[in-house]
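A short worksheet on the structure shown next.
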């Protein structure tokens, strides 16, 4: 995939004196295909080919900005998202956070800064934990608020995504697809990330609720001051767009 930033405000992030919240510089990702399994495990040289998933990607994301990355299937959008959250390492290139390189191995604080909302909300939620337990775990682990304020903060997060307090005692199986995605967004926002990445967040949802979920990203970006990247999604709430192609 190659990508280019375009649209309102795209150049401002580059020209501004302050560094962008997130900068992706010449990111390349290649995968080896073919050859024996042993050679792939040991990384010994053997005849085979390479698949280039990302090729020279350049992106800038400023505070409060929403970037929509669009492109055909297989153009590398999910691969880029995985690199940004630290689950996959790039072959070459750099990811910078506020002007400083992001380490390949993220500690708890580095992981907190960039959160991701996945396409399938049910698979990303623990079916054995209530919504309240999920939120409390994150709020406590990352020391977002004192323990005595955990429930109040959990209620605030639910109301932010349009759910009521009684949802705290319910489990993922008791919600619709749209409600689960709202919960997934609340979980991501619980740790107060600087960057929120959504990989095809509404493709599995009914058209009737897609616009509502997309507006939640716009509202969360404005209320928290975080930057937001929406993969495979286009909407009026996007302040900047980028195109991906092979």
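Numbering (my numbering), first residue to last: 1017 to 1262. A virtual CB, placed ideally from N, CA and C, is assigned to each residue, including glycine.
Proximity winner among the options, relative to residue i (alpha-carbon distances)
{"i": "residue 1100", "options": "1171, 1075 and 1088", "result": "1075"}
{"i": "residue 1108", "options": "1038, 1070 and 1177", "result": "1070"}
{"i": "residue 1014", "options": "1136, 1170 and 1139", "result": "Residue 1014 lies beyond the range of the chain shown here (1017 to 1262); nothing can be said about it."}
{"i": "residue 1105", "options": "1184, 1206, 1040 and 1196", "result": "1040"}
{"i": "residue 1037", "options": "1081, 1068 and 1046", "result": "1081"}
{"i": "residue 1119", "options": "1133, 1103 and 1134", "result": "1103"}
{"i": "residue 1172", "options": "1193, 1192, 1148 and 1191", "result": "1148"}
{"i": "residue 1078", "options": "1035, 1165 and 1047", "result": "1035"}
{"i": "residue 1194", "options": "1138, 1165 and 1088", "result": "1138"}
{"i": "residue 1121", "options": "1098, 1142 and 1192", "result": "1098"}
{"i": "residue 1133", "options": "1073, 1088, 1189 and 1200", "result": "1200"}
{"i": "residue 1072", "options": "1065, 1092, 1116 and 1088", "result": "1092"}
Residue i vs residue j beta-carbon contact at 8 Å
{"i": "residue 1131", "j": "residue 1227", "result": "no"}
{"i": "residue 1202", "j": "residue 1233", "result": "no"}
{"i": "residue 1218", "j": "residue 1211", "result": "no"}
{"i": "residue 1187", "j": "residue 1140", "result": "no"}
{"i": "residue 1096", "j": "residue 1043", "result": "yes"}
{"i": "residue 1128", "j": "residue 1209", "result": "yes"}
{"i": "residue 1160", "j": "residue 1207", "result": "yes"}
{"i": "residue 1221", "j": "residue 1197", "result": "yes"}
{"i": "residue 1183", "j": "residue 1174", "result": "yes"}
{"i": "residue 1135", "j": "residue 1216", "result": "yes"}
Boundaries (first-last residue) of the beta strand (DSSP E) holding residue i
{"i": "residue 1132", "result": "1130-1133"}
{"i": "residue 1147", "result": "From DSSP, residue 1147 is part of no beta strand (DSSP E) but of the alpha helix (DSSP H) over 1147-1157."}
{"i": "residue 1211", "result": "1211-1215"}
{"i": "residue 1069", "result": "1065-1077"}
{"i": "residue 1161", "result": "Here residue 1161 belongs to no beta strand (DSSP E), and DSSP marks it neither H nor E."}
{"i": "residue 1040", "result": "1038-1049"}
The alpha helix (DSSP H) enclosing residue i, as first and last residue numbers
{"i": "residue 1179", "result": "Run containing residue 1179: none; DSSP gives neither H nor E here."}
{"i": "residue 1088", "result": "No alpha helix (DSSP H) holds residue 1088; DSSP gives it neither H nor E."}
{"i": "residue 1201", "result": "1193-1206"}
>> Across the stretch 1143-1158 and the stretch 1097-1115, are there enough close Cβ pairs to call them in contact, namely three or more that are closer than 8 Å?
In response: no
> Which runs of the beta strand (DSSP E) fall wholly inside the stretch 1093-1142 and span at least 3 residues, in chain order?
Replying inline: 1108-1113 and 1130-1133
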